[in-house]
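Chemist: Here's a structure for you.
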Amino acid sequence: MDLKLYNTLSRKKELFKPLKKGVVHMYTCGPTVYNFAHIGNLRAYLFQDILKRVLQKNGYQINHVMNITDVDDKTIAGAKAARISLKEFTSTYETAFIQDLKKLNIILPSTFTRATEHIPEMIDVIQKLVAHQYAYMKDGSVYYDVSAFKPYGKLAHLDKKGLKAGARVDVDEYSKDEVQDFVLWKQQKPDEPAWDSPFGKGRPGWHIECSAMSMKELGETFDIHTGGVDLIFPHHENEIAQSEAATGKLFVRYWLHSEHLLIDKEKMSKSLHNIYTLQDIEEKAFSPLDFRYLVLGAHYRSKLNFTWQSLESARHARKELEEFVREVLAEKKDPKKPLPAFYASAKKQFLAAITDDLNSPKALGVLWKFIRHYRTTKTKHPASAYELMVTFDALLGLDLYAVRSIQIPATIKTLVVKREEARQKKHWLEADILRGELQKKGWEVKDTAHGSIITKR
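At the far end of the sequence shown sits residue 566, using our numbering, and the numbering has no gaps.
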């Protein structure tokens, strides 16, 4: 299957072709482990999981690297406030983050790289930048000279007219209105962790970490780099500047970014008390997979508005999918009749959607259309339907293959059929009486837009 992806660098969809046939080298900016990941962070990791699943479906072997930023301004401040070591402080949040990925059924990276374990590689890149006159020392720190790298701003499409020559910024995060020389190596401060280097004792800046770790694990040029839109500037822009100036080669071929998640149409902020974690979702009796379904319902390049009501709708839809899987499992075998054309058509349409820049909402629409068609067709092919659902779920990651069938007695099936016939004839009183009989026997029938679902009470 051809796979088209929207490349932030070119601002258009491109046909994906890896550098090496059959192999994809991919890097994801992981968490800064100073706090628990919130659901906005997790949306970015869900989108790259769909990408990985689609690449796997296309037969690619994937070498996926994700960094763990365990030393930066925020982690150091957090460890100081907690009065514990940096390692002890960050390891708590790193463990929690990986557990969140597992709960969301996200395929783990091939490799996690911690910043504190790659200081020599960072120093090596900085030395190359100094040697190539892209970096300079000032007051014990090393800064990147933005004016020396002519393509600077190509990812974020920056206007460099307002760039102040020689102006410097020491913090890790800043806005597009503050384009300045950024720090590569920070001079040691009292009570902060520090490492020996040719520039003096100190620690790396945030941006150099990903350049050094990604190139060590994936090579000087690799296929895909993913992250949230908030990382386009300054982080990813600076990664490009550092890496390409150090090597003289293209750094990354395809840049993919996911949009923001909003809470009740507002950005998440401490002042609004609307920063939610996966634990907050679980405490309200939702499954992490309900959140996964919610995320699938919006294209990764569109803003996603989270509300508790929308999460409830996602839970309801996911449960309906599970019930459909139980329904086809209970029937077991296909009849000895030709498979209707809509089975193959559904598969083709689903794959066309998901390989068109990971259009998961369109793919979900195809799935629900198939279910409606299946339920309104007289001759069922349950085994083929189950096989198709497994194919869909291998890309959606909703864990539907783990659903087990519920054995429905023949007498109950007969009552369900009679009730459905009554509903079709608009004999509502008879349908209600039959519903009552089913309830007395311990079964619940639920009418949905996709057909009736029978469940054990």
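Glycine included, each C-beta is placed from N, C-alpha and C at the ideal position.
Below 7 Å, is the gap between the Cβ of residue 244 and the nearest heavy atom of the ligand MG?
Modeler: In the structure shown, the ligand MG is absent, as is every other ligand, since no ligand is present at all.
Chemist: Suppose the cutoff is 7 Å on Cβ atoms and the five residues either side in sequence are ignored; what does the same chain contact list for residue 143 look like?
Modeler: Stepping through the sequence shown from its first residue, residue 143 is reached at position 34. Excluding residues within five positions, the ones whose Cβ falls inside 7 Å are 183, 184, 187 and 202.
Chemist: Which runs of the alpha helix (DSSP H) at least 4 residues long sit entirely within the region 153-238? Give them in chain order.
Modeler: DSSP runs (the alpha helix (DSSP H)) wholly in the region 153-238: 182-191 and 195-212.
Chemist: Could you check the C-alpha separation between residue 499 and residue 561 for me, to the nearest Å?
Modeler: Taking the sequence shown and counting its residues from 1, one reaches residue 499 at position 390. Taking the sequence shown and counting its residues from 1, one reaches residue 561 at position 452. Each residue's Cα considered, the two are about 21 Å apart.
Chemist: At what residue ranges does the region 350-389 contain a whole run of the beta strand (DSSP E), taking only runs of 3 or more?
Modeler: The qualifying runs are 361-367 and 370-372.
Chemist: Is it right to say residue 122 is buried, meaning 16 or more other beta carbons lie within 10 angstroms of its own, or is it exposed?
Modeler: The residue given as residue 122 occupies position 13 in the sequence shown. Exposed, by the Cβ-count rule.
Chemist: So, with DSSP's three-state summary, where would you put residue 123?
Modeler: For the purposes of this step, residue 123 is identified with residue 14 of the sequence shown, where counting begins at 1. Strand, per DSSP.
Chemist: Beta-carbon within less than 7 Å of residue 426's beta-carbon, same chain only, minus the 5 sequence neighbours each way: which residues are those?
Modeler: For this step, residue 426 is matched to residue 317 along the sequence shown. Counting only Cβ-Cβ distances below 7 Å, and skipping sequence neighbours, we find 402.
Chemist: Are the region 374-392 and the region 259-267 in contact at 8 Å, needing three or more beta carbon pairs?
Modeler: No: the two stretches stay apart, fewer than three of their Cβ pairs being nearer than 8 Å.
Chemist: Would residue 417 be called buried (16 or more neighbouring beta carbons within 10 Å of its own) or exposed?
Modeler: Residue numbering aside, residue 417 sits at position 308 when the sequence shown is read from its first letter. Per the 10 Å Cβ criterion, exposed.
Chemist: Quick one: is residue 470 buried, meaning 16 or more other Cβ sit within 10 Å of its Cβ, or exposed?
Modeler: As a first step, residue 470 is located in the sequence shown; it is residue number 361 there, counting from the start. Counting Cβ neighbours within 10 Å, residue 470 comes out exposed, since fewer than 16 surround it.
Chemist: Please report the straight-line C-alpha distance between residue 437 and residue 503, rounded to a whole angstrom.
Modeler: Taking the first residue of the sequence shown as position 1, residue 437 is located at position 328. Taking the first residue of the sequence shown as position 1, residue 503 is located at position 394. Whole-angstrom Cα-Cα distance: 18 Å.
Chemist: Pick out whichever of 486, 421, 451 and 466 has its Cα sitting closest to the Cα of residue 476.
Modeler: Position 367 of the sequence shown, counted from the first residue, corresponds to residue 476. Selected option, being the one with the closest Cα: 451.
Chemist: Have a look at residue 542 and residue 435 and give me their C-alpha separation to the nearest angstrom.
Modeler: What you label residue 542 is simply residue 433 of the sequence shown in a count that begins at 1. What you label residue 435 is simply residue 326 of the sequence shown in a count that begins at 1. Computed Cα separation, rounded: 25 Å.
Chemist: For residue 198, collect the residues of the same chain with a Cβ closer than 6 Å to its Cβ; drop the 5 residues on either side in sequence, then sort them by chain order.
Modeler: What you label residue 198 is simply residue 89 of the sequence shown in a count that begins at 1. If we look at residue 198 and ignore the five residues flanking it on each side, its Cβ neighbours are 187, 188 and 191.
Chemist: With a 10 Å radius around its C-beta and 16 neighbouring C-beta atoms as the bar for buried, classify residue 537 as buried or exposed.
Modeler: Here residue 537 is taken as the residue at index 428 of the sequence shown, counted from 1. Exposed: under 16 other Cβ atoms inside 10 Å.
Chemist: Three or more C-beta pairs closer than 8 Å, one from the region 213-230 and one from the region 303-323: is that the case here?
Modeler: At 8 Å Cβ cutoff, the stretches touch.
Chemist: Between the region 352-364 and the region 252-260, do three or more beta carbon pairs fall short of 8 Å?
Modeler: At 8 Å Cβ cutoff, the stretches touch.
Chemist: Taking three-plus beta-carbon pairs below 8 Å as touching, is the region 132-146 in contact with the region 171-180?
Modeler: They touch, by the three-pair rule.
Chemist: For residue 470, report the span of its alpha helix (DSSP H) as first-last.
Modeler: Within the sequence shown, residue 470 is the residue found at index 361, counting from 1. Note, residue 470: alpha helix (DSSP H), 469-485.
Chemist: Does DSSP put residue 141 in a helix, a strand or coil?
Modeler: Along the sequence shown, one-based indexing puts residue 141 at 32. Looking at residue 141 - three-state DSSP - the assignment turns out to be strand.
Chemist: Check whether the region 202-214 and the region 392-406 are in contact - that is, three or more C-beta pairs closer than 8 Å.
Modeler: Touching, yes.
Chemist: Under the three-state reduction of DSSP, which class applies to residue 491: helix, strand or coil?
Modeler: Numbered from its first residue, the sequence shown carries residue 491 at position 382. Helix.
Chemist: So, is residue 149 buried or exposed, given that buried needs 16 or more other C-beta atoms within 10 angstroms?
Modeler: Reading the sequence shown from its first residue, position 40 is the one you call residue 149. Buried is the call here.
Chemist: Can you give me the Cβ contacts of residue 205 inside the same chain, cut-off strictly under 6 Å, excluding the 5 residues immediately before and after it?
Modeler: Translated into positions along the sequence shown, residue 205 becomes position 96. Contacts found: 145.
Chemist: In terms of DSSP beta bridges, what is residue 304 paired with?
Modeler: Along the sequence shown, read from residue 1 onward, the residue named residue 304 stands at position 195. 311.
Chemist: Check whether the region 338-345 and the region 320-329 touch, using three or more Cβ-Cβ pairs below 8 Å as the test.
Modeler: Counting Cβ pairs under 8 Å, fewer than three are found: no touch.
Chemist: Mark residue 526 as exposed unless 16 or more other C-beta atoms lie within 10 angstroms of its C-beta, in which case mark it buried.
Modeler: In the sequence shown, the residue the question calls residue 526 occupies position 417. With fewer than 16 other Cβ atoms within 10 Å, it is exposed.
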